[in-house]
Every structure is written in C-alpha cells, then in structure tokens.
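Asks: So the protein sequences, as listed, match chains A, B and C. Start counting the first sequence at 9; every next residue gets the next number (my numbering). Start counting the second sequence at 117; every next residue gets the next number (my numbering). Start counting the third sequence at 537; every next residue gets the next number (my numbering). All C-beta atoms, glycine included, are put in the ideal place defined by N, C-alpha and C. Every value quoted in this text rests on a predicted model; they were computed, and no experiment measured them.
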Amino acid sequence: MQELLLIQGTRPDMGLQRKAAQLAETGKLQLRILSVAKAEAATADDSAIAKGLVAETNNARVILAPATVRLRCIMPMLAYRLQAGLTADCTGLEITETGQLLQTRPAFGNSLMATIETLSAVQMATVRPGTFPADPNGEYPQTEEWEACFSDAVKCIEQQRQTGDQGITQAKIIVSGGAGIGSKEGFDKLKAFAHKIGAALGASRNAVDLGYAPYSAQVGITGATVSPRLYIAVGISGAVQHLAGMSGAETVIAINQDPKAPIFQYADYGIVGDWETIINQLEELL
Amino acid sequence: MVSQKALQHAEKCRFCWMCRHLCPVQHQTGKELNTPRAKGLLLSMLSKGTAEFDKDMAKAMYECMLCDACVNDCCTGYQPPLFIREARTEAVVNDLAPAAVMQCIENIENSGNIYGAEKPSFGQDGTDVLVYIGEVAACKVPEMAKAYLRLLKKAGVSAKVLDCEPASGMMLADLMGYVQEVTDQAKSCADAINATGLPTVVVLDSYDAEIMKQHYAEWGCEIKAEVVTATAYVAKLLEDGKLTPKAEAKGAGACHDDDRLARSFHEFAPVRDIAKAAGYTLTEMFNKERLAKSCGTAVALSYMPGITTKVASGRWADLCRTEAKAMLTANPQAYLCLSQCVPEGMTLVDLYTALNEVV
Amino acid sequence: MKQIIACVKLVPAAAEVALDGQFRLKRDSTSLQLNIADLSAVEAALGLKEADTQVTVLSMGPAKGEALLQELFALGVDRVVLLSDRALAGADSLATARALAAGVRCLGEFSCILCGRRALDAETGQIPGQLAAALDIPAVTNGQQLEKADNGLSCRRLLETAVETLTVELPCVVSLCEYSYTLRLPSILGRRRAKDKQVEILTAADIGLVAEQCGLQGSKTKVVHVDTKAPGLRKCSYCNPEALCGIIKGVQ
Numbered sequence: 009m010q011e012l013l014l015i016q017g018t019r020p021d022m023g024l025q026r027k028a029a030q031l032a033e034t035g036k037l038q039l040r041i042l043s044v045a046k047a048e049a050a051t052a053d054d055s056a057i058a059k060g061l062v063a064e065t066n067n068a069r070v071i072l073a074p075a076t077v078r079l080r081c082i083m084p085m086l087a088y089r090l091q092a093g094l095t096a097d098c099t100g101l102e103i104t105e106t107g108q109l110l111q112t113r114p115a116f117g118n119s120l121m122a123t124i125e126t127l128s129a130v131q132m133a134t135v136r137p138g139t140f141p142a143d144p145n146g147e148y149p150q151t152e153e154w155e156a157c158f159s160d161a162v163k164c165i166e167q168q169r170q171t172g173d174q175g176i177t178q179a180k181i182i183v184s185g186g187a188g189i190g191s192k193e194g195f196d197k198l199k200a201f202a203h204k205i206g207a208a209l210g211a212s213r214n215a216v217d218l219g220y221a222p223y224s225a226q227v228g229i230t231g232a233t234v235s236p237r238l239y240i241a242v243g244i245s246g247a248v249q250h251l252a253g254m255s256g257a258e259t260v261i262a263i264n265q266d267p268k269a270p271i272f273q274y275a276d277y278g279i280v281g282d283w284e285t286i287i288n289q290l291e292e293l294l
Numbered sequence: 117m118v119s120q121k122a123l124q125h126a127e128k129c130r131f132c133w134m135c136r137h138l139c140p141v142q143h144q145t146g147k148e149l150n151t152p153r154a155k156g157l158l159l160s161m162l163s164k165g166t167a168e169f170d171k172d173m174a175k176a177m178y179e180c181m182l183c184d185a186c187v188n189d190c191c192t193g194y195q196p197p198l199f200i201r202e203a204r205t206e207a208v209v210n211d212l213a214p215a216a217v218m219q220c221i222e223n224i225e226n227s228g229n230i231y232g233a234e235k236p237s238f239g240q241d242g243t244d245v246l247v248y249i250g251e252v253a254a255c256k257v258p259e260m261a262k263a264y265l266r267l268l269k270k271a272g273v274s275a276k277v278l279d280c281e282p283a284s285g286m287m288l289a290d291l292m293g294y295v296q297e298v299t300d301q302a303k304s305c306a307d308a309i310n311a312t313g314l315p316t317v318v319v320l321d322s323y324d325a326e327i328m329k330q331h332y333a334e335w336g337c338e339i340k341a342e343v344v345t346a347t348a349y350v351a352k353l354l355e356d357g358k359l360t361p362k363a364e365a366k367g368a369g370a371c372h373d374d375d376r377l378a379r380s381f382h383e384f385a386p387v388r389d390i391a392k393a394a395g396y397t398l399t400e401m402f403n404k405e406r407l408a409k410s411c412g413t414a415v416a417l418s419y420m421p422g423i424t425t426k427v428a429s430g431r432w433a434d435l436c437r438t439e440a441k442a443m444l445t446a447n448p449q450a451y452l453c454l455s456q457c458v459p460e461g462m463t464l465v466d467l468y469t470a471l472n473e474v475v
Numbered sequence: 537m538k539q540i541i542a543c544v545k546l547v548p549a550a551a552e553v554a555l556d557g558q559f560r561l562k563r564d565s566t567s568l569q570l571n572i573a574d575l576s577a578v579e580a581a582l583g584l585k586e587a588d589t590q591v592t593v594l595s596m597g598p599a600k601g602e603a604l605l606q607e608l609f610a611l612g613v614d615r616v617v618l619l620s621d622r623a624l625a626g627a628d629s630l631a632t633a634r635a636l637a638a639g640v641r642c643l644g645e646f647s648c649i650l651c652g653r654r655a656l657d658a659e660t661g662q663i664p665g666q667l668a669a670a671l672d673i674p675a676v677t678n679g680q681q682l683e684k685a686d687n688g689l690s691c692r693r694l695l696e697t698a699v700e701t702l703t704v705e706l707p708c709v710v711s712l713c714e715y716s717y718t719l720r721l722p723s724i725l726g727r728r729r730a731k732d733k734q735v736e737i738l739t740a741a742d743i744g745l746v747a748e749q750c751g752l753q754g755s756k757t758k759v760v761h762v763d764t765k766a767p768g769l770r771k772c773s774y775c776n777p778e779a780l781c782g783i784i785k786g787v788q
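(1) Apply the 10 Å Cβ neighbour rule to Lys785 (chain C) and answer buried if 16 or more other Cβ atoms are within range, or exposed otherwise.
(2) From the DSSP output, read off the bridge partner residues of Gly210 (chain A).
(3) Since Arg653 (chain C) and Thr677 (chain C) should fall inside the 8 Å C-beta cutoff, what is the C-beta to C-beta distance between them, to a whole number of angstroms?
(4) Just the Cα atoms here: how many angstroms apart are Leu570 (chain C) and Asp614 (chain C)?
(5) Can the beta-carbon of Ala414 (chain B) be found closer than 8 Å to that of Lys155 (chain B)?
(6) If you check the beta carbons only, do Met134 (chain B) and Asp211 (chain B) fall under 8 Å apart?
(7) Let me see if you follow: with CB-CB separation under 8 Å, is Ser716 (chain C) close to chain B or not?
(8) Glu291 (chain A) to Val617 (chain C), Cα distance in whole Å?
(9) How should Arg2 (chain A) be labelled, buried or exposed, when 16 other C-beta atoms within 10 angstroms of its C-beta is the threshold for buried?
(10) Taking just the CA atoms, how far does Glu193 (chain A) sit from Thr285 (chain A)?
(11) List the residues of chain C whose Cβ lies closer than 8 Å to the Cβ of Glu166 (chain A), in chain order.
(12) On a CA-only basis, which of B:Gln120, B:Cys139, B:Pro282 is nearest Thr424 (chain B)? Give me that one, please.
(13) Hey, out of B:Ala216, B:Phe381, B:Lys441, B:Thr243, whose CA is closest to Ala346 (chain B)'s CA?
(14) Is it the case that the Cβ atoms of Ile263 (chain A) and Trp283 (chain A) are separated by a distance below 8 Å?
(15) Can Pro707 (chain C) and Ile673 (chain C) be called in contact, C-beta distance under 8 Å?
(16) Could you work out which residue in B:Thr397, B:Ala385, B:Lys392 is closest to Gly367 (chain B) when comparing CA atoms only?
(17) Residues in the same chain with beta-carbon distance under 7 Å from Glu364 (chain B), minus the five sequence neighbours each way, listed in chain order, please.
(18) Quick one: what does DSSP say Asp173 (chain A) is sitting in, helix, strand or coil?
(19) Who are the neighbours of Ala335 (chain B) on chain C, taking C-beta pairs under 8 Å?
(20) Counting contacts by CB-CB distance shorter than 8 Å, is Ala668 (chain C) in contact with chain A?
(21) Might you give, ordered along the chain, the residues of its own chain that have their beta carbon closer than 8 Å to the beta carbon of Ala52 (chain A), omitting 5 neighbours on each side?
(22) Write down the C-beta distance between Val710 (chain C) and Leu650 (chain C) rounded to the nearest angstrom, noting that I regard them as a contact closer than 8 Å.
(23) Measuring CB to CB, does Leu584 (chain C) end up less than 8 Å from Ile540 (chain C)?
(24) Excluding sequence positions up to five away, which residues of its chain have a Cβ less than 6 Å from the Cβ of Cys457 (chain B)?
(25) Quickly, what does DSSP pair Tyr277 (chain A) with across the bridge? List them, please.
(26) Can the beta-carbon of Gly665 (chain C) be found closer than 8 Å to that of Met85 (chain A)?
(27) Below 8 Å, how does it come out for the segment 630–644 of chain C and the segment 685–705 of chain C: are there three or more Cβ pairs, yes or no?
(28) Confirm, please, whether the CB-CB distance from Pro361 (chain B) to Leu265 (chain B) is below 8 Å.
(29) Whole angstroms is fine: what's the gap from Lys303 (chain B)'s alpha carbon to Ser274 (chain B)'s?
(30) Could you check the C-alpha separation between Cys411 (chain B) and Arg728 (chain C) for me, to the nearest Å?
(31) Is it a yes or a no for the segment 234–241 of chain A touching the segment 734–742 of chain C, going by three-plus beta-carbon pairs under 8 Å?
(32) Against chain C, with Cβ distances strictly below 8 Å, would Met121 (chain A) count as a contact?
(33) Can you name the start and end residues of the beta strand (DSSP E) that Val248 (chain A) belongs to?
(34) Val141 (chain B) and Glu206 (chain B): beta carbons closer than 8 Å?
(35) Taking all protein chains shown into account, do 16 or more other C-beta atoms lie within 10 angstroms of the C-beta of Ala730 (chain C), making it buried, or fewer, making it exposed?
(36) If I follow the unbroken beta strand (DSSP E) through Asp97 (chain A), where does it start and stop?
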C-alpha cells in the first residue's frame, strides 16, 4: 500500500497530524509519521537530512510537513532530489479517492486562492503550522524517530533562545495596521493605542514594505500566523496573503475608510471611516 | 538614465501647472524651463530619445532650490526633487554639471565642506547635549551658532560641540543626488555623533536635521541619540521656564518658515514662540507654514549666487507686503541668503541673538 | 573568495497583478522591482567582496528586466546574467531551480550563492533549498549577518524561537531575510564604470536545457483553479466606536 508520509520536526503540528490521518483514509493511503527532531538536533545541515530522507520515500505517494523554518528548507531539497512537485504554505488540503492531492494556498500576494495539483508520482506540500485544528483524542500510528544523521558541513556554534516577549503570536489582542495608516508617525500612534489596551502591534506586508513597521510585526503568509481572541485590523485592505495569517482570530474588527475593502467580508465588526478619528474616539472611551 | 521610479514621477505630471505658481526660482527668473514641470518634461524627452542630456539641460536641473514647495502642492503626489536629484547625479557622472557645481564638490572632497575652509572650534565639551552646528553656521554665520550656545548656557544646559565636526552629507546630496559618496559622509557623521554617547543631539540647521532624521535610517546609519531641531529645543526651554525673557517690545516681525521646518517637519510653533519671547509682535507673510516660499539655500548660493540672491529678494518682497519691518529667522542658511539683499528700511533678525538680548 | 553569486528576482511592482488564462502571472503588463529580500543578498555579496572577488548577479525573467538589472553595475556588481527565454516561462520552483542551477554551472567556479529567502510574488521560499539540492551543496535558509569564517562563512539563522550562529562550508547557498542588509546606493564612480557594462542574456539552449526541462513543461505542479475569495468569510455587522469599546473591554 502506498503511503502518506508526514514528516514532523522539533515543533510537531498536531493539527496537521489529524488532517493527514483524514487524508490518508480518503485517499486510501497508509499514514506513516516520521520525526526528524533528533536529526535536527544532531546537525544544523538541512541538506544532509534531506539527502538521508530520500531512502524513506520509496512507498510515498504524498509527503506533508509543517512549514517550520527548517522543514521549509528540508522539504524543497527532498523534492528536488525526488523530482517531485512541492507546494509551499498550503492553507487547505483535499484528496481524491485515487490519491490525487488538491492543495490550496494564497497566490500572487493579492486576493486569490489557487488550487494546485501535483503532476509527479510523489506529491509534496508544506502547511502553515496551526492551520488545522488538533484533536487530542485522535488515534494515530506511532511516530517513528528517524535515525539521526551526521554532517558538519553546517555547524551550530551557538544557539540563543529568544526569551520573554513572544510578540504577536502569543498576544490575546492584536492591533494591526496597514498601508492605510499612511506614515511611520501614524504607526507610532497606533502602537501607543495598542499599548494602552494591552495589545500587541501587528502590520500588513504592505505596511512593512513601506517601512512603517518592523518585519517582526508582519502578519500574513510571509509573516506570523496569529490566532488572538481579538484582532483589530486598521487601514488594512485585506489581501488574501494577510487573511491567511489572521483568519484564526476569534473576533475580527475592521476599521477602514473604504467601504469596499475586502477586509470587511472577513470581519465580525466593522467601522467605515478615518482610522485616526476612530482610534481617538476609542482612546477617549476606554 | 534615471531610475524607473524617478521617471514615473517625471511622467505622471498632469500639466495642472500649480507648481509653476509655487516655484520660487521660476517666480524670479520667469523662465519656463525653471518650473518643476518643465524639468520633468525634459527627463521624459530623454527617456523617449527625443532630446539629449547636455550641459544646458544639466544647468536647468541645478536651477532649483529643492525646497519641496512643488511636492507639497502637487495634486498627483509626485515629487519633482526626486528626479531632479537623480538628474544631478547623471550630470556629475557624465561631466555635464556646471563648473561652479564641480568646484563646490571639489571643495567638499578636499576640505570636508563646501567652503573649502576649516570649521572653527567652539570649544564646548559639555555633558548634557550635543549641538550639531553644521558648516553654514560654522563658516558663514558663526554669530548665530555662538548665540545659540550662549542661550543653552544661560538655561543651564551643558552643551558639547564636536571638534572637526563632520559634514552631514546634506550639501553633497544637493550637489550630486543621493549617492554612495553622500551615505559615506552620513556614516562618518553618524559614527562621530554616536561616539559621544550623549542622549540628545540638537541640530542647529534644519537642513542637516532633515537628512539625519529622514534619511540616515534608510541608509543603515541611524543616529542613536534623539535628534531635535534647535528651534524645538529652545522653545521647550522657554516653555519649561529654563529661560525667562524680560518683557521688551521690539515691534512687528514676520517669521520665515525655512524649507525643511515648513515641509519636512511641519514645525511652525517653536520659531514663533521664540520670536514672541524675544519681544516681537507677530504678523504673517501670505506664504507661510507649509506654503512658505523658499529664500534660497546656502549650497545654491555657493554655485549660483545670482539666482539665489534673486530668490531671497523674492522672500523680502513677501515681507514688504506686510506691516512688519523685521524678517525673523532661526536658520543659518535662510539668514545667509536673506542677508545678501536686505531692502532699505528692513532688518534681518537672527532669533537666537534677539532672544539672547532679553534673557 | 573567487566568485560570489547573488540570485535576484524581478517581481511585479504593482499591488494588483493580472493573470492569464492558465493562471500564470501576466508579466508584461506590470512594472518590475527587485524582490525585497534579494536586496539583502546583493548587499551581502558586495560586503563580502575582496579585491580579487567577482560578484555576479544571476536572474531569470523577461528581457524587459534588463534595464533594472543594469542599475546593479553601479553598485559594484561585476557581472549580470539574465536567463530569459519564452521556454523558461511559467516555471514552478522545481523547474526554476533546475534552470538557475544550469545557469550557475555556466558561470564558473564560485564560493557561495546568496538569495533572498522568498519572492514577493510567488512566496514559496523553495528556490534556495532546491538550488542547493540541484548543485548538491549545503544550504542555510533564513540567514542574517553573513561573515567570512575560517573555513567558509558564518551567519545567523532565524528560527521560530531561537537564533543560531552557524558556520557553513563552501561552496554553499545562503538565503537571507528581508531587511537584514540595507542595499548601498550607487556611487558616482560606479555609475561611470557601469556605462561600459552590459547585462548578458542567456537562453535555455545557452545553458544546455531542452524544452521539456524548463518552464511550464518542466514543472511538476499545476494550478487547476483560482478562487478570488479566501476561506473564513464572516458576517460583518457595522457599528460605532462605543460598541467596539464594549467588545475590547470584554476581551481585556
């Protein structure tokens, strides 16, 4: 029987594990879970891990992995060695009964979702961690610890844990600004407001590209995926790439001058108007 | 020839001609070629191959104060100084820049500043704030710099001035556009300022403050200290009661908002606070605040004294239309340009010297 | 270091991009810009440059990108090679990496290849790894602060919860994060020198590839459907600041 191979790293994604089990059932594939956590700890050389993994893929029809930094390096290398198609950062996965994987991801940085099929025998995809909900009661085949490989072509001399402020991924409330904020000064104001209500500051990619906010604040497919209890999107139009990063929020509030901005379709509450005026009013009220 | 972005700016002009009414250079010369719009057209012709970049065109690109008045009022949001600066780069690269411009550049290369002179030492080695004097005040308007330092002393602020203060890059940027030679100057300047470790740098010349605050970070040489304009700093000292002026009536005066305070910082109140504290009754010129008309820059005065003096006289004409007899400024470049052509019966006032007289 | 190769991509500058019937980007209709993360790669390459080092920029895309690439000479880049051919169009990351690797093989001996960690348009971030696999050399992704070390390079790698300091043997591929370097401005001297230099344009045949290996034909993924709506539609009720206030207080 052909396999659906799920590769987990040091940060296993239990939601993806659940999804993989469902896909394996529908696609009539055998689920096999392989952890490369030990290999990741043993060597910093992702190319050596990818090379070693080739031998594990003889029966694979589908290979999935969470899009962690290291698996985002390992998976492409493995895909090249297998000459297999690989889709990055999927936000949706489906499978046909014949085992054809349908991968959905935001495309082209604007308001489009693309569904992608893989033409090669092995179909590979990485998935944004946290995309699928986990099931604590789910039953899965035992995770195989993959034999650690050794290489010192890339060596880790020092590892600094980043402590304390986990930034936006852990925040309960996020106030996020987009290009509509208009200036760096505007962002300072937004930051002050966020601070006042105990929220973290986020930003859209456009705002980061314009230099209004640091990259660390970026929410979206090329930034952080967040799932706060409350997400306040200010001056953000709502490009698919941004929505992919914040759709997990419990409640979404959108503040935008343009009543036609797509963000309103993805928000629970909205106010159309000048963001500065509205933030000023909110500040007074709170 | 110029970057895609600059060309976009040059070509998106809608011919509304507002900039023609605002350009201080075209006002004085009456030359159509001196409008921002015309300069954009020239570049557009170059990109289409219908004109060639020659010495005349290069000269036209230098007949501009880079005062940003056209940017401030452009309905399409386009920025003529962006492509004018790039065209200047091109002029220097192709040896087409006017000889006087090349002389200025040579002076900077040889001596570090446009005047080819050594900057005087101000002998200040205080511990509270760093005061960045800038080459115009140091070499051409030293009284203003000294008056400013006296004010700080009276307010109990211990000020430091760098010996051999490096140039900020502001003048070179006007002469050859934003190029690596300018960022090299910016980096040495930022290094020297950062080496003092002082928490605040007070910048006497707002043109220097503009490049430090609005460009250094994007060039990767951010100043760690807080950069404050000299006007805002003194206005704060007045507000906090560190300087207590005696009441003394000096008559009517009008504040000149220099190009950078007017359009880069939108800082208007501090200059007026200082003027009031110095005893002036304020009146306003018609073109004030964001719309303030340029009176020329020190760098333009160096390579193009004739036109720059005319531009300064255009600003005096604005004053003559008010009841005020005194032109009030706290900017060394404005002071230098305006001092070239003080009309009879009018006075040019350096606000720091004026404030010194009453505290 | 003999030769440092920086891979750059020209991406559509406009926020809105057009697609053709096969869901490929219509690259002719929009103006281009250098991909932001690639600016770091170019600057890092120039920063590592020594007297006898050649910095080569390698790009793949439509020929109209030539003008933009030409500007790189003024920064001190020695050679710019653009792979441009209709046959290369429509490539997924696998076919792109294959073409870039073939291009790299035409450039001669090199010490390292620097890339941006991902492109603004497709955002797969898969090229650095795939290029390294194609050339069978190690790769480090998500890099910052590249420096010369005893036997190669040292750099920082940004992980989810840690920053590692790594050393990597040469030759290698390193991908750099956006904004990890500030690209220098051209100098007057550089601009003068750039006047005599030209972007070299290579076709698929020039780099030894046949049609089946490149472009849409050489790709293993295919877009079968495009939807303009992202999942996660909600029903928006419009309200006033007072009501919002209540919602915010409820969460605090």
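Replies: With the structure as the only source:
(1) exposed
(2) A:Ser184
(3) The distance from the Cβ of Arg653 (chain C) to that of Thr677 (chain C) is about 6 Å, consistent with a contact at the 8 Å cut-off.
(4) 18 Å
(5) no
(6) Taking the C-beta atoms as reference points, Asp211 (chain B) is found no nearer than 8 Å to Met134 (chain B).
(7) no
(8) Whole-angstrom Cα-Cα distance: 54 Å.
(9) Nothing can be reported for residue 2 (chain A), as the shown portion of chain A is limited to 9 through 294.
(10) 15 Å
(11) Glu700, Thr701
(12) B:Cys139
(13) B:Phe381
(14) yes
(15) yes
(16) Residue B:Thr397 is the option with its Cα nearest to Gly367 (chain B).
(17) The residues are Gly395, Val474.
(18) Note that Asp173 (chain A) has pLDDT 48, beneath the 50 cutoff, so the model's placement of it is unreliable and the number below is only indicative. Coil.
(19) The question names Ala, but residue 335 (chain B) is Trp in the sequence shown. Under the 8 Å cutoff, chain C gives Thr718, Leu721.
(20) yes
(21) Val162, Lys163, Cys164
(22) 5 Å
(23) yes
(24) Thr425, Ala428, Ser429
(25) A:Ile261, C:Ser773
(26) yes
(27) Cβ pair count under 8 Å is below three, so no.
(28) no
(29) Between the alpha carbons of Lys303 (chain B) and Ser274 (chain B) lies a gap of roughly 26 Å.
(30) Across the structure, Cys411 (chain B) and Arg728 (chain C) are spaced so that their CA atoms are roughly 34 Å apart.
(31) no
(32) yes
(33) Unbroken run through Val248 (chain A) is the alpha helix (DSSP H), 248–254; no beta strand (DSSP E).
(34) Taking 8 Å as the cut-off, the Cβ atoms of Val141 (chain B) and Glu206 (chain B) do not count as close.
(35) buried
(36) 93–98
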